[in-house]
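Residues in the sequence shown are numbered consecutively from 0, following numbering that gives the first Met the number 0.
For each residue, glycine too, the CB sits at the ideal point set by N, CA and C.
All values reported here derive from a predicted model rather than from experimental measurement.
To start, the structure under review is shown below, and the notes come after it.
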Amino acid sequence: MKLTRKSNAAPTVEKKTLGISRRQFMKQAGITSGGIAAASLLGTGMMRKAEAKVQTVAHDAPTEIKRTVCSACAVGCGLYAEVQNGVWTGQEPAFDHPFNSGGHCAKGASLRYHTHSYKRVKYPMKLEGGKWKKLSWEQAVSEIGDKMLEINQTSGPDSVYFMGSAKFSNEGAYMYRKFAAMWGTNNVDHSARICHSTTVAGVANTWGYGAQTNSFNDIRNAKNIFLIGANPAEAHPVAMQHILIAKERGATITVADPRFSRTMAHADIHLPLRPGTDIPLVYGLMWHIFENGWEDKEFIRTRAYGMDKIREEAARWTPEEVENVTGVSRDAVYAAAKQMATNRPGTVIWCMGGTQHHVGNANTRMYSILQLVLGNMGVSGGGTNIFRGHDNVQGATDMGLLFDNLPGYYGVGEGAWHHWSRVWDLPYESVKARFDQKSYLGRSPMTTPGMPCSRWQDGVLEAKDKLAQKDNLRLAFFWGQSINTETRQMEVRDALDKLETVVVVDPYPTMAGVMHRRKDGVYLLPAATQFECEGSVNNSGRSAQWRQQVVEPMFESKNDLEIMYRLAKHVGIADTWTKHIKVNGNMPDPDDIMREYAKGMRSIGYTGWSPERIRAHTMNWGDFSSETLEAPGGVNKGETYGLPWPCWGTPEQKHPGSQILYRTGMNVNQGGGNFRARFGVEHEGVSILAEDSASVGADIQDGYPQFDDKMLKQLGWWDELTAEEKALAENRTWSTDLGGGIVRVALAHNMVPYGNAKARCRVWTFPDEVPVHREPIYTSRRDLIEKYPTHNDMQVHRLPTLFKTLQDKVISDDLDKKYPLIVTSGRLVEYEGGGEESRSCPWLAELQQEMFIEINPADAADRGLRDGDDVWVEGAEGGRILIKAMVTPRVKPGVTWMPYHFAGVMHGEDLQYPESGGISTKPYIVGESANTVMTYGYDPVTQMQETKASLCQIAKA
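In structure tokens:
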């Protein structure tokens, strides 16, 4: 029997007791022992300096239940928050939520602490003369806004940098990107750049959309699961539950990971590849598949283009060469390939272990092509399940919070700006006039991608004449993003020092507010947490959920939208920024914001969304099946939970959403589809449209191009539009027709508006048309450099980017001999991202108190190291950190591994955190950042950083 919550109120306690019992104490404290958590709990009542008073809530006060979504990763677990007298006093994982069904991880269980953490910034602050000074909101906004205007006047709008956040709601992310547009710059980005930008580029350029194709729940239906660069047992524990359900039902599991991870402990086959050799490994799997005739020949014929080139490349990767390059045995690769071929449908799962490479876009294309070879696309139990790291990194990416895109992945070309100017009801010329009108290095700022957040520091430090913009960056906003997650931390620190103004907008000071060596020009603006705001978020599976506001903003913190609006007013863009958005006081209305972006984001099918539909799903979790994600009855009958995009048509048309992308076995009006005709209709004189394949019920049961006004006229369907629709559809495509008539008519004929093409194995616009192996820039195998070299140096958008120049130093400077150990990095179950929030939670800090590096016993013995020793780890570019050694066979000889959640110590010295409200904002646990050791290396398409394959040396401290 399924349990479903029927009330938003909790029963009151009638019997009053004196004090609380030990069991109640333990429950409320969230601890079972002393230490950090206990000290934190017992100490807060004595902290009289804090300007926010300790609020005592009677245990029997009425309890109101609020529905919210966990902020720890992108699974999207539902949570019931218990609120008494405006204080978040308790929580329960939602047992009737279709994603987590009552499951939770350690981070999720600690969420309520974030709202009342004493480590938070409690009011606006400014560093002046080496001392932190309290400011009013009015003064802080005035000073920052004045500096922005002065920079715009002297250096142009591109000298202000807007680093955004995957912690924004959809509404916050959209308005932040729109703020940058109204300011006149593409210098805006967020953490997707350094987690899944290579996924978006690689996957979108394979079959049309750059997102997870299936859902977490659908993994239960897989017969084989291949995880590469993913460790969900620690990074996505609730997603791991779905994987284990599949295993209970008979699924086989293969894990490709340099470590013997906790996820690997559940697998049938381990492929312990050398970091940076994903492409040879997957070609090795394909070699066996092609050699034995295990490929899905009919699927390839009808739905894949360019597979002949993949066959040619795979033929070069014999079992012997694969073993030589990857270190994985022939027998293991064969066993994995046979397991995939025998057990279909199968799914491929990847995370940052696959994306964070200087060949990351090629890696993600490689994983996708493997699924085309096996015919595992567009089916339940198949697809590419791409696990995102932050709670709204999918939504923020959709919203165009990127240096190279406007909302909906329209890019930043002139056509994209024309479209969004129409959505905003602003003359295109007036939007264009906000940008620098000159060209730099042959590039126009408005139509050139900006600075990626992986390399903002180069925008500060690089010589001006090498940048495709007027001047260096002079002021930077670090809004909800922890910069210790970026490589080359020494350069990051230098850039913080050189900026004229640093503005941190976050509940915590973060490393941007701490790791500099400045005396002036740093502002800390306290942003409210996600639980002190309302709005929508998207999980990895493209499903939207609405967070109810649990409590009011704590201390003097403010909602992101209010902070943006105050700044927009001061710099004179508020009226255009909110032209058709209601503003209540200083707060733009989130409902109006969703309506605006849904109107414009036609390219990914947001038009079927509305605040009312998304709220109806959130308020009726129990209506949806955890097996199918569909509602068999109730107010949402027939709909898929969260209306995963594309959700076609209008909200009134009630499209159910598309849980599984490219599913030809279902009608488009019920959530079916096919690969997107995004790349034209032919290549080299050969059709790239689908052959003898289409979604169920389509009037054309073959390939067809994307819909536009001309296609409707050719098909004789133009007169099915109303007169008003015709006026709006003239000279438009399905994705730019604001009237929606083109989409309506396509759906009426059961056809997918974006066309029906083959997925492409060849991407002729990328540096490598098909994926090829390139040795890591800092490789441990100098013998392979000549055969598998990296790229030549090149200019990527606004920045020069080095490849061969650095790899040549491996040989010329003997770097592989000075730094003989491979170093890679990953996540811990206790912490998230840069760790600022989770390490400031005593309940989590209690669980993991030391930064460490895993080293194999053989390598440890060679260096005279024992488990728990203090060691110096030095990277190939000279970055040094002082941490603990964990001697373990989890890593192979020659390979080391570090978690990347730590910060607060640099080169062995503690950094100084400000006090706020008389209390230090220093997290309970600090440590060296792994990224001080990690080195230069960027994907040529996306500027993804290389954090998974570099070199180091370790010595006893």
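Here Gly101 has Pro92, Phe94 as same chain residues with Cβ atoms under 6 Å from its own Cβ, once five neighbours each way along the sequence are excluded. If you check the CB distance, His235 and Cys72 come in under 7 Å. Every alpha helix (DSSP H) stretch that sits fully inside the region 277-343 and reaches 4 residues is listed by chain position as 277-290, 296-302, 306-315, 318-325, 329-341. Under the 10 Å beta carbon count, Val372 is surrounded by 16 or more other beta carbons and is classified as buried.
Within the same chain, Cβ atoms closer than 6 Å to the Cβ of Met897 are found at Ser824, Ile852, Ala929, the five residues on either side in sequence being excluded. As summarised for the region 197-256, the continuous beta strand (DSSP E) elements at least 3 residues long and confined to that stretch are 223-227, 251-255, given in chain order.
For the pair of segments examined, the region 496-508 was found not to touch the region 345-357: the number of CB pairs separated by less than 8 Å stays below three. At a cut-off of 3 residues, the continuous stretches assigned as beta strand (DSSP E) that sit fully inside the region 453-497 are 474-478.
The C-alpha of Arg219 is placed about 8 Å away from the C-alpha of Leu243.
Per DSSP, the beta bridge partners of Thr823 are Trp896. Its chain contains His515, Arg516, Arg517 as the residues whose beta carbon lies nearer than 8 Å to that of Asp496, once the 5 sequence neighbours on both sides are disregarded; these appear in chain order. With respect to the 7 Å criterion, Gly534 and Glu170 are classified as neighbours on the basis of their beta carbons.
DSSP, reduced to helix, strand and coil, places Asp869 within a strand of the structure shown. Under the three-state reduction of DSSP, Ser168 is assigned to coil, being neither helix nor strand. The C-alpha of Val430 is placed about 8 Å away from the C-alpha of Gly183. In this chain, the alpha helix (DSSP H) harbouring Val742 covers 740-747.
The continuous stretches of beta strand (DSSP E) do not include Asn360, which lies in the alpha helix (DSSP H) extending over residues 359-373. The beta carbon of Thr325 sits closer than 6 Å to the beta carbons of Leu272, Arg273, Thr276, Pro279, Leu280 from its chain, once the five residues preceding and following it are set aside; these are given in chain order. For Tyr522, the three-state secondary structure derived from DSSP is strand. Going by beta carbons, Ala361 and Asp792 fall outside the 7 Å limit.
The beta carbon of Lys581 is closer than 6 Å to those of Asp588, Asp591 in its chain, skipping five residues each way along the sequence. By the criterion of a C-beta distance shorter than 6 Å, Phe623 is surrounded in its chain by Pro97, Ala630, Tyr640, once the five residues flanking it on both sides are discounted. In this structure, DSSP gives Tyr112 a helical state, which the three-state scheme calls helix.
Only buried fits Lys65, as 16 or more other CB atoms lie within 10 angstroms of its CB. Judged by pairs of C-beta atoms under 8 Å, the region 777-792 does not touch the region 370-384, as fewer than three such pairs exist. By the 16-neighbour rule on beta-carbons within 10 angstroms, His579 is exposed.
The shortest CA-to-CA distance from Thr920 to any of Pro841, Glu683, Ala573, Pro406 is the one to Pro841. Taking a cut-off of 8 Å for Cβ pairs, the region 174-188 and the region 560-575 touch, as three or more such pairs fall below it. As the crow flies, the alpha-carbon of Thr606 is around 38 Å from that of Glu829. Between Leu472 and Arg176, the C-beta spacing is not below 7 Å. For Arg66, the enclosing beta strand (DSSP E) begins and ends at 62-68. In its chain, beyond the 5 residues on either side, Leu881 have a beta carbon closer than 6 Å to the beta carbon of Gly907.
The three-state secondary structure of Arg889, taken from DSSP, is coil.
Straight across, the Cα-Cα distance linking Thr931 with Met905 is about 8 Å. At a Cβ-Cβ threshold of 7 Å, Asn585 and Glu561 count as neighbours. Excluding five sequence positions before and after Met398, the CB atoms of its chain that fall closer than 7 Å to its own CB belong to Asn169, Ala172, Tyr173, Arg176, Pro406, Tyr596, given in chain order.
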